[in-house]
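Structure record follows, encoded as structure tokens.
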Amino acid sequence: MEKRLAKINISAAGGTAAKGAKTCKVTLPTAWVEAMGISLEQRDVALFFDGNQIILTCRLSCSEFAKQKRALGHKVWRLCFYDGDRLCTTIYADFTDETLAAENHVDDPVKTAFGNNPVPNWEDFQTFLQERCIPKERAGLREYLEALDLDEYDPLAIIQKTGGRIAEDQQWIEVEDV
Numbered sequence: 007m008e009k010r011l012a013k014i015n016i017s018a019a020g021g022t023a024a025k026g027a028k029t030c031k032v033t034l035p036t037a038w039v040e041a042m043g044i045s046l047e048q049r050d051v052a053l054f055f056d057g058n059q060i061i062l063t064c065r066l067s068c069s070e071f072a073k074q075k076r077a078l079g080h081k082v083w084r085l086c087f088y089d090g091d092r093l094c095t096t097i098y099a100d101f102t103d104e105t106l107a108a109e110n111h112v113d114d115p116v117k118t119a120f121g122n123n124p125v126p127n128w129e130d131f132q133t134f135l136q137e138r139c140i141p142k143e144r145a146g147l148r149e150y151l152e153a154l155d156l157d158e159y160d161p162l163a164i165i166q167k168t169g170g171r172i173a174e175d176q177q178w179i180e181v182e183d184v
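Numbering (my numbering), first residue to last: 7 to 184.
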């Protein structure tokens, strides 16, 4: 791995940023950017921060994400979230390393799986699954699970049986092991 030292350029943020807001930038070597396949036409990247380091990767499409994860032998599921007959969000979830990629097909955040969150994480995904199921605290849960032929509360298994349908809306989920 090639390593270089750099300085972060810090300047006042413009536009509609809050008073006193700052913009931070780092200049990257062109050779690195080109080696990653980043160009003027394709320059979307994903940034990850774990508290100690920032990682920059090319942003993969959902299908590229799934293909890459399957090539590693990971267990990947595709969930298609619908409102009526309209596909709103496609989610590829890697249950091996607990990562995901999501793509919205509608502009209305109310109709999407993760609302205004463009980069959901595994915790967001688990919350989404639980929101499309009977609450874990509901009275009569054991009988409900028995009716579905399930031994334990597992949101994905419940959604596979119920389609993620709940009484209050027309939304549902199609689940496929890819």
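Heads up, the beta-carbon is just placed ideally off N, CA and C, and yes, glycines get one too.
Determine whether the beta carbon atoms of P124 and C139 lie at a separation below 9 angstroms. Pairing P124 with C139 gives a Cβ-Cβ distance that is not under 9 angstroms.
Residues near W128 in its chain [Cβ-Cβ closer than 7 angstroms; skip 5 each side]: The residues are E104, T105, L106.
Buried or exposed: where does P126 fall if 16 or more other Cβ atoms within 10 Å of its Cβ makes it buried? By the neighbour-count criterion, in which 16 or more other beta carbons inside 10 Å mark a residue as buried, P126 falls on the buried side.
What residue range does the alpha helix (DSSP H) around Q166 cover? Per DSSP, the unbroken alpha helix (DSSP H) holding Q166 starts and ends at 161-168.
Starting from the C-beta of R65, find all residues in its chain whose C-beta is less than 8 angstroms away, skip the five residues before and the five after it, and write them out in chain order. Only residues of its own chain outside the window of five on either side were considered, and among them D50, V51, A52 have a CB closer than 8 angstroms to the CB of R65, listed in chain order.
Determine the closest residue to R63 out of E70, G57, M42, R76, with distance taken between C-alpha atoms. It should be noted that the sequence gives Thr, not Arg, for residue 63. For T63, the nearest C-alpha among the options comes from M42.
Using only CA atoms, which one of L85, F134, N122, Y150 lies nearest to V181? Per the Cα distances, L85.
Entirely within the region 24-68 and at least 3 residues each: give me those beta strand (DSSP E) ranges in chain order. The region 24-68 contains these whole beta strand (DSSP E) runs: 28-31, 51-55, 60-64.
On a Cα-Cα basis, can you pick out the residue from F55, F54, V39 that is closest to Q48? Residue V39 holds the alpha-carbon nearest to the alpha-carbon of Q48 among F55, F54, V39.
Three-state class that DSSP yields for E143 in the structure shown: Of the three classes helix, strand and coil, the one that applies to E143 here is coil, per DSSP.
Quick one: is D175 near chain C, going by C-beta distance under 9 angstroms? Absent from the structure is chain C; it holds one protein chain and no more.
Report the residue from L151, P115, I44 whose alpha carbon sits nearest the alpha carbon of T168. Out of L151, P115, I44, L151 has the C-alpha closest to the C-alpha of T168.
Would you identify the three-state DSSP class for T96, choosing helix, strand or coil? T96 carries a strand assignment under DSSP once its states are collapsed to helix, strand and coil.
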